[in-house]
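So the first sequence is numbered by the numbering used here: it starts at 1240 and just counts up by one.
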Amino acid sequence: MSENEQKSKDFIREIIDHDLETGKHDHIHTRFPPEPNGYLHIGHAKSICLNFGIAEEYDGLCNLRFDDTNPSKEEMEYVDSIKEDIHWLGFDWDDRLYFASDYFQQMYDYALELVKKGKAYVDDSSAEEISAYRGTLTHPGKESPYRNRSVEENLNLIQRMKEGEFKDGEKVLRAKIDMSHPNLNMRDPIMYRILHASHHHTGDKWCIYPSYDWAHGLEDSIEGITHSLCTLEFENHRPLYDWFIDQLDDVYHPQQIEFARLNLSYTIMSKRMLKQLIDEGYVDGWDDPRLPTIKGLRRRGFSPASIRHFCKEIGIAKVNSLIDYAFLEHCVRQDLNKTAPRFMGVLRPLKVVIDNYPEDQVEYMEAVNNPEDESAGTRKIPFSKTLYIERTDFMENPSKKFYRLSLGREVRLRYGYFIRCTDVVKDGDEIVEIHCTYDPETKGGYAPDGRRVKATMHFVSADHAVDAEVRLYNRLFTVEDPAGVKNKKFTDFINSDSKETISHCKIEPNITSLKPYDTFQFERNGYFVIDPDTTSDHLMINRSVALRGKWKNFRHQQKK
RNA sequence: AGCCCCGUGGUGUAGUGGUUAACAUAAGAGACUCUGGAUCUCUAGUCGCCGGUUCGAAUCCGGCCGGGGCUGCCA
1240 MSENEQKSKD FIREIIDHDL ETGKHDHIHT RFPPEPNGYL HIGHAKSICL
1290 NFGIAEEYDG LCNLRFDDTN PSKEEMEYVD SIKEDIHWLG FDWDDRLYFA
1340 SDYFQQMYDY ALELVKKGKA YVDDSSAEEI SAYRGTLTHP GKESPYRNRS
1390 VEENLNLIQR MKEGEFKDGE KVLRAKIDMS HPNLNMRDPI MYRILHASHH
1440 HTGDKWCIYP SYDWAHGLED SIEGITHSLC TLEFENHRPL YDWFIDQLDD
1490 VYHPQQIEFA RLNLSYTIMS KRMLKQLIDE GYVDGWDDPR LPTIKGLRRR
1540 GFSPASIRHF CKEIGIAKVN SLIDYAFLEH CVRQDLNKTA PRFMGVLRPL
1590 KVVIDNYPED QVEYMEAVNN PEDESAGTRK IPFSKTLYIE RTDFMENPSK
1640 KFYRLSLGRE VRLRYGYFIR CTDVVKDGDE IVEIHCTYDP ETKGGYAPDG
1690 RRVKATMHFV SADHAVDAEV RLYNRLFTVE DPAGVKNKKF TDFINSDSKE
1740 TISHCKIEPN ITSLKPYDTF QFERNGYFVI DPDTTSDHLM INRSVALRGK
1790 WKNFRHQQKK
């Protein structure tokens, strides 16, 4: 990867530079703190690239910390999946794998400290009562009748909460701050709730669990995080983050900095909506290639390098933005163009008979594997009397801008011969096959007399072709921001053409050397990847992204 | 309505008081080409509005307008 050293820094890196210059810090330590309640998606990738990326750039460290404070939603399965996805993206946390739940005792001790200082109290109010007392955006809240219990009583109660004397929801521990604070988060926020649930990491050791606001700053503090990076919706929580840490004696105070989360056009990022798409059968699972999940992107054939590059290029800011899906595609093409080996694959085969080519002859033509990378070498491609070309490469009545094959016209078969179409065989309106003649002098695709042809087309020898099922994927939604349309459900905008499956595609035999998740280019068609469901007798291929093409754009415009 | 955050080409990002406001992408045109790919060249397009400070404002100040977030015992 060629890094542009001159690239200007985002506001977070500027803060870090400043903190280093002023001596506030002499090292940098970040963290990626996922909650293990779902699969990672490209929005998380942005955060991962930011946190692990900063650690790399500043010669610092980045922890992986599971923020597992809610046993009712979290599972071990997600822990493993998240670790796998981070590794796949190309990042590593070495021995710094942490769980918030490992700090539960320490957090509890800190909570006792607040109770003793009169800064926290046990509230017997119901959830409904607490909500009613909170007030509204414009009106101050009311103090709970339990707010002024003595320190001794609070101490006694919180200990009994911990011992399991009370049922779920019977009591909570609250910070005593200000019920009329204009920031709702400061109106005596809940620190602990009672949850008699088994935790995937701590088992049944605890029946009270800390809330995010109470826990997160302490987690950062305990790990010595210098810069705690999170998304914009936590901005209003920062005063609380700071308040909790400031109440405690001699506790290290990390700095929380918020940035805008990633929004990508024509898709959705919310865990809830992602789950709904799967549960209701709109897609085939968490790794469906149409999904923006890391597992989906991987199965789509998007490389880790291209995703990292994407995350770097979109930048970090505080404005809510919507990134063009086309930009992601650009990043994928840019990487794959340099790295993907080329193959010939005919998606919609049209049979071609070369009338003047010897009946049983087979020639092996040399083809370059990657014109962008000489070290990729060459391979041999069979050429014979009966071939397949792309149906879209032949037009009986060519339009003025179409310069591929038609009756009487000569084109080049890539790495093969020049051929000229002499006849079209039809069954009703359907073209069954076409007949051509070849020029033996043009072997390899070169004309000794220097004559030019307008088009070069891919082909596959019929007898040597491997059959494959190819899935062509398109955007999942028909509108840029499906989740943001008023009075409509996001599912109203599902693109019914998001997946097109084509059977009996004809592929050059060399394709069998590839394994699942290997990416490659079908020349003139796009970038593809071997699907993991491929078996020895059933090759399945997914299209990652089509090649850019003026012809496709032209046709598209004509349709409109 | 209260508090907080944010407004730079279509999209995204830079620009931090001083040339013709930059880069990427998308769009259009052309060159080249054994991928209608890649590469190269060119074109069009931007500082939300109004005032103020200043010799000079995208940048500093005020007001307005617009967008987003916040009323879970979720994170």
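Even glycine gets a Cβ: it sits at the ideal position worked out from N, Cα and C. Every value quoted in this text rests on a predicted model; they were computed, and no experiment measured them.
Assuming the contact rule is C-beta atoms closer than 8 Å, residue i and residue j should be a hit. Round their C-beta distance to whole Å, please.
| i | j | result |
| --- | --- | --- |
| residue 1293 | residue 1267 | 6 Å |
| residue 1633 | residue 1561 | Actually they do not touch by this definition, with Cβ atoms about 40 Å apart. |
| residue 1507 | residue 1501 | The pair is not a contact, with the Cβ atoms about 12 Å apart (cut-off 8 Å). |
| residue 1471 | residue 1551 | Residue 1471 to residue 1551, Cβ: 20 Å. No contact. |
| residue 1533 | residue 1786 | That belief does not hold up - the Cβ atoms of residue 1533 and residue 1786 are roughly 25 Å apart, past 8 Å. |
| residue 1352 | residue 1487 | 6 Å |
| residue 1586 | residue 1741 | 6 Å |
| residue 1607 | residue 1651 | That pair is no contact at about 15 Å. |
Give the straight-line distance between the Cα atoms of residue i and residue j, rounded to the nearest whole angstrom.
| i | j | result |
| --- | --- | --- |
| residue 1736 | residue 1713 | 7 Å |
| residue 1529 | residue 1375 | 41 Å |
| residue 1240 | residue 1641 | Unreliable placement is indicated for residue 1240, whose pLDDT of 31 sits below 50; the coordinate value is still reported in the next sentence. C-alpha separation (whole angstroms): 38 Å. |
| residue 1664 | residue 1716 | 40 Å |
| residue 1646 | residue 1661 | 6 Å |
| residue 1704 | residue 1522 | 31 Å |
| residue 1574 | residue 1515 | 32 Å |
| residue 1349 | residue 1549 | 41 Å |
| residue 1336 | residue 1354 | 31 Å |
| residue 1307 | residue 1451 | 9 Å |
| residue 1258 | residue 1459 | 17 Å |
| residue 1440 | residue 1338 | 8 Å |
| residue 1789 | residue 1305 | 47 Å |
| residue 1492 | residue 1265 | 15 Å |
| residue 1682 | residue 1595 | 14 Å |
| residue 1230 | residue 1623 | Because the chain spans 1240 through 1799 in this model, residue 1230 falls outside it and cannot be assessed. |
| residue 1364 | residue 1385 | 8 Å |
| residue 1679 | residue 1780 | 34 Å |
| residue 1247 | residue 1263 | 22 Å |
| residue 1782 | residue 1765 | 7 Å |
| residue 1655 | residue 1540 | 29 Å |
| residue 1723 | residue 1733 | 14 Å |
| residue 1442 | residue 1340 | 10 Å |
| residue 1334 | residue 1303 | 9 Å |
| residue 1612 | residue 1605 | 16 Å |
| residue 1463 | residue 1511 | 32 Å |
| residue 1524 | residue 1517 | 5 Å |
| residue 1563 | residue 1576 | 20 Å |
| residue 1784 | residue 1277 | 26 Å |
Buried or exposed: which applies to residue i, given that a residue is buried once 16 or more other Cβ atoms fall within 10 Å of its Cβ?
| i | result |
| --- | --- |
| residue 1242 | Residue placement at residue 1242 is flagged as unreliable, the pLDDT there being 36, under the threshold of 50; the coordinate-derived value follows with that caveat. That one is exposed. |
| residue 1454 | buried |
| residue 1290 | buried |
| residue 1473 | buried |
| residue 1466 | buried |
| residue 1509 | exposed |
| residue 1360 | buried |
| residue 1320 | buried |
| residue 1344 | exposed |
| residue 1755 | exposed |
| residue 1610 | exposed |
| residue 1668 | exposed |
| residue 1362 | buried |
| residue 1572 | buried |
| residue 1747 | buried |
| residue 1565 | exposed |
| residue 1430 | buried |
| residue 1279 | buried |
| residue 1244 | Unreliable positioning characterises residue 1244 in this predicted model, as indicated by a pLDDT of 42, which lies under 50. The coordinate reading is nonetheless provided below. The residue is exposed, with fewer than 16 neighbouring Cβ atoms inside 10 Å. |
| residue 1836 | Nothing about residue 1836 can be read from this structure; the chain reaches only from 1240 to 1799. |
Can the beta-carbon of residue i be found less than 8 Å from the beta-carbon of residue j?
| i | j | result |
| --- | --- | --- |
| residue 1342 | residue 1468 | no |
| residue 1601 | residue 1674 | no |
| residue 1301 | residue 1270 | yes |
| residue 1653 | residue 1625 | no |
| residue 1498 | residue 1759 | no |
| residue 1707 | residue 1778 | yes |
| residue 1580 | residue 1700 | no |
| residue 1406 | residue 1433 | yes |
| residue 1408 | residue 1366 | yes |
| residue 1672 | residue 1659 | no |
| residue 1380 | residue 1419 | yes |
| residue 1479 | residue 1281 | no |
Can you list the beta strand (DSSP E) stretches of 3 or more residues lying completely in the region 1418-1492, in chain order?
-> Unbroken beta strand (DSSP E) runs of no fewer than 3 residues, entirely contained in the region 1418-1492, are found at 1429-1433, 1447-1449 and 1466-1470, following chain order.
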